[in-house]
Every structure is written in structure tokens, then in C-alpha cells.
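With the UniProt record's numbering applied, the sequence shown covers 1 to 105. Quick reminder that beta carbons are idealized off the backbone N, C-alpha and C, glycines included. From a predicted model like this one, the values you see are computed outputs, not experimental measurements. First up is the structure itself, then whatever we jot down about it.
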Amino acid sequence: MLSKFHDEPVPFATQVFKQDEVTWLSPGLNQIHQLKNQANDGRACITIQCYQYSHDNTQHYEYFDYLNPENRTIEQFTPNSDMGFLEFKACMWQEWRERHGSELG
1 MLSKFHDEPV PFATQVFKQD EVTWLSPGLN QIHQLKNQAN DGRACITIQC YQYSHDNTQH
61 YEYFDYLNPE NRTIEQFTPN SDMGFLEFKA CMWQEWRERH GSELG
């Protein structure tokens, strides 16, 4: 759990993911996770966060909490995007066609 009182909480599990791998969190977990880019050569680590809420869940938490290293307060980061979903979908489709032709697989 994110805490201003503990420097490094001990995780109950860790996993290193490589390019093209996918992970998910199940409803039974507490939904707290930390992502780190371990590339030392300046390569980007790009993640796509997607959420599916149950039909009766009307409270959606729109932020990522983080611990401010300067004053050790828990603060909120509002996720942003460099392109909208439809533009992203068109870009992915274009990359697929360039790599694989028009086939879907």
C-alpha cells in the first residue's frame, strides 16, 4: 500500500515483463501496483491502462496516486494521453497493415 510512512513496502510478488507481454489485475487483488522502466539505454516503456468496472460500480477513481519524494505527501496524477482512442486505433491498424498486409491473422 502506498504510504508516506514506509520507504519501500515489501511486495508480495514481483514480475519482470518484456516487450509484447500482457498482465492484468483481478478483482480479488487490492489493485495496487507499481511500474518501473528498467531500461538503462533510454528506451521508452509504454503501458496501456484499461479498466472494466462492474455494471453496479458507479465510483471510478480517475487518478494514479504517487508519493511526492520532496515532502512525502500522497498526491494524485491525472493520466493523460498523447492521442485519442479513435486516432490510436487508426494508428495501430495502419501499423498492422504495413507489417502484415490487410490480413487479420
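Item                                                                                               : Value
Proximal residues to Asp65 (C-beta, below 8 Å), its chain only, five neighbours per side dropped   : Leu2, Ile74, Glu75, Gln76, Phe77
Uninterrupted beta strand (DSSP E) stretches inside the stretch 53–95 (no shorter than 3 residues) : 64–67, 74–77
Three-state secondary structure assigned by DSSP to Arg43                                          : coil
Contact set for Asn68: own chain, Cβ-Cβ below 6 Å, skip 5 residues either direction                : Glu75
Selected residue, minimal CA-CA separation from Gln19, among His33, Arg99, Ala39                   : Ala39
For His33, the three-state DSSP class (helix, strand or coil)                                      : coil
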